[in-house]
Amino acid sequence: MPADLAVIGLGHLGLPLAQAATTAGISTIGYDPDPHAAAPSVADGPLSATEIRRLLAGGFRTTADPAALGKVRTAVICTPTPLGEDRAVDLTGVADAARTLAAQLRPHTTVILESTAYPGTTEEFLRPLLEAGSGLTAGRDFHLACSPHRHDPGNRTYRYGNTPKVIGGLTPACTEAAAAFYGRLTDKVVRARGPREAETAKVLETNYRHVNIALLNEMAVFCHDIGVDLWDVIRCAETKPFGFQAFRPGPGVGGHSGAIDPNCLSYKGRSPGYPLRMVELAQEVNGRMPRYVIQRCATLLNEHGKSARGARVLLLGVSYRPDTGDQEGSPAREIATRLMALGAQLTYHDPYVPRWNVRGRPVPRADSPYEAAADADLTLLLQPHRTYDLQGLAAKAQLLLDTRGATPAGAAHRL
456 MPADLAVIGL GHLGLPLAQA ATTAGISTIG YDPDPHAAAP SVADGPLSAT EIRRLLAGGF
516 RTTADPAALG KVRTAVICTP TPLGEDRAVD LTGVADAART LAAQLRPHTT VILESTAYPG
576 TTEEFLRPLL EAGSGLTAGR DFHLACSPHR HDPGNRTYRY GNTPKVIGGL TPACTEAAAA
636 FYGRLTDKVV RARGPREAET AKVLETNYRH VNIALLNEMA VFCHDIGVDL WDVIRCAETK
696 PFGFQAFRPG PGVGGHSGAI DPNCLSYKGR SPGYPLRMVE LAQEVNGRMP RYVIQRCATL
756 LNEHGKSARG ARVLLLGVSY RPDTGDQEGS PAREIATRLM ALGAQLTYHD PYVPRWNVRG
816 RPVPRADSPY EAAADADLTL LLQPHRTYDL QGLAAKAQLL LDTRGATPAG AAHRL
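Quick note: to get this note's numbering, add 455 to the position in the sequence shown (first position is 1).
And the structure:
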């Protein structure tokens, strides 16, 4: 039977959408041109093995046949758009998806972009590809809209159903078509004026996170230098009932959505000429946190009569978020690389990451984090997964540096 929905891209965006749609009773297929990539996988993925089993049992199926895209009512592009070394968003995946979909596109289909993109991408980048490949006109022959993702891996409070979806259509009819689809999945739909407003809302949300984390990262360094307990400062400040939202510092900022400066419009070969200075500064501050963590590690080892060279260092939690195996943008890799360069002997433990490679070499995985912490010269807590008994780890470790402020006060050295 033809499906109602095609999800193009089965990664951190596509699988949660497929899960929500299947749960809502929408017949859903997932498309990927690579048959191996099309199979839902637990490794580094947003869904657990149990969730994937339920997804498949609910009728979700995958395909590498592009002809299947011509039989759906709604197609949602969820391909990754990573930031390149120049901090520009790479739209290659979106372009490939658009060309494949365009060749199969039928009139009256609703096409939605969920992938993170620059303001203007839906109208100026995606629309021409769809129209050229299909011979159809967006807004007349098919609906076109943007609804940026808001999936938060590991969040047990806000899931797909109770997180509002922002929607901006090319025309009012496009917006309503997309709203009718998402209205079956979420409690609330928020209509933007158009695709640009929806895309820019995502830029604001992403940059808001990065800028505020950068402020706390700077406060972490400042408070350490003057001998103030930053975590107690945050505890006190977050009691203010207005004008303050608590963020937490850390060893860096990971995730699939890096801070975005719309000044880097690489796909158009131009920029508006108004760089977001706060975003640039946030990138600089957050980017230097792994180096600061290494400095703290070396100082702690030195204070305890040990050198980084030859030191046994245990890294706990190498994913970018707690309670998930997703390693996208995790600062753990850079921290491990720098420790290796200093001559440290590394082991790691992460309940969600069974294998981990750094610089092309596998890092030994500890069977028990508690025994490994007792043997290590330094234990570095990078991600406080719920499965960790942090008080027990603090008691076992010879020397513990907590980069997340998750251990009890006084139980460990904290960032």
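For each residue, glycine too, the CB sits at the ideal point set by N, CA and C.
Item checked: Proximal residues to leucine 502 (C-beta, below 8 Å), its chain only, five neighbours per side dropped -> Only Leu470, Pro471, Gln474, Pro495, Leu510 meet the Cβ criterion.
Checklist line | Cβ-based burial, histidine 840 [other Cβ within 10 Å; buried from 16] | finding: buried
Checklist line | Minimum length 3: unbroken beta strand (DSSP E) runs contained in the segment 753-794 | finding: Look at the segment 753-794 and you find these whole runs of beta strand (DSSP E), each 3 residues long or longer: 767-771.
Next item on the list: Indicate the three-state DSSP secondary structure (helix, strand or coil) for leucine 625 in the structure shown.
Entry: coil
Next item on the list: Starting from the C-beta of glutamine 559, find all residues in its chain whose C-beta is less than 7 Å away, skip the five residues before and the five after it, and write them out in chain order.
Entry: Pro521, Ala522, Leu524, Gly525
Checklist line | Length of the line joining the Cα atoms of alanine 552 and arginine 651 | finding: 20 Å
Margin query: Contact defined as beta carbons within less than 8 Å: I believe arginine 751 pairs with leucine 856. What is the distance between those atoms, to the nearest angstrom?
Written below: Right, their Cβ atoms sit about 6 Å apart.
Margin query: With a threshold of 8 Å, are at least 3 pairs of Cβ atoms found where one atom belongs to the segment 599-610 and the other to the segment 621-629?
Written below: yes
Item checked: Proximity below 8 Å, CB of valine 566 to CB of leucine 585 -> yes
Next item on the list: Can you grab the Cα-Cα spacing for the pair glutamine 838 / glycine 594, in whole Å?
Entry: Going by the C-alpha atoms only, they are around 46 Å apart.
Item checked: Contiguous beta strand (DSSP E) assignments of at least 3 residues, all confined to the segment 542-573 -> 565-568
Checklist line | Beta-carbon proximity of histidine 441 to leucine 756, cut-off 8 Å | finding: Summary: the structure shown does not reach residue 441, with the chain confined to residues 456 through 870, and so no result is reported for it.
Note to self: Tell me whether the segment 766-782 and the segment 822-835 touch, counting them as touching only if at least three CB pairs, one residue from each stretch, are closer than 8 Å.
What the structure shows: yes
Next item on the list: Quick one: give me the first and last residue of the beta strand (DSSP E) that tyrosine 486 is part of.
Entry: 483-486
Notebook entry, point to check: CB-CB under 7 Å to asparagine 672, same chain, minus the five flanking residues each way: which ones, in chain order?
Noted result: Pro704, Val740, Asn741, Met744
Checklist line | Minimum C-alpha distance to leucine 468 - residue among Asp781, Leu556, Gly707, Gln738 | finding: Asp781
Note to self: Tell me the rounded alpha-carbon separation between arginine 614 and aspartate 607.
What the structure shows: 8 Å
Note to self: For the alpha helix (DSSP H) containing alanine 476, name the first residue and the last one.
What the structure shows: 469-478
Margin query: Please state the DSSP three-state secondary structure of histidine 604.
Written below: coil
Notebook entry, point to check: Any idea what DSSP makes of phenylalanine 697, helix, strand or coil?
Noted result: coil
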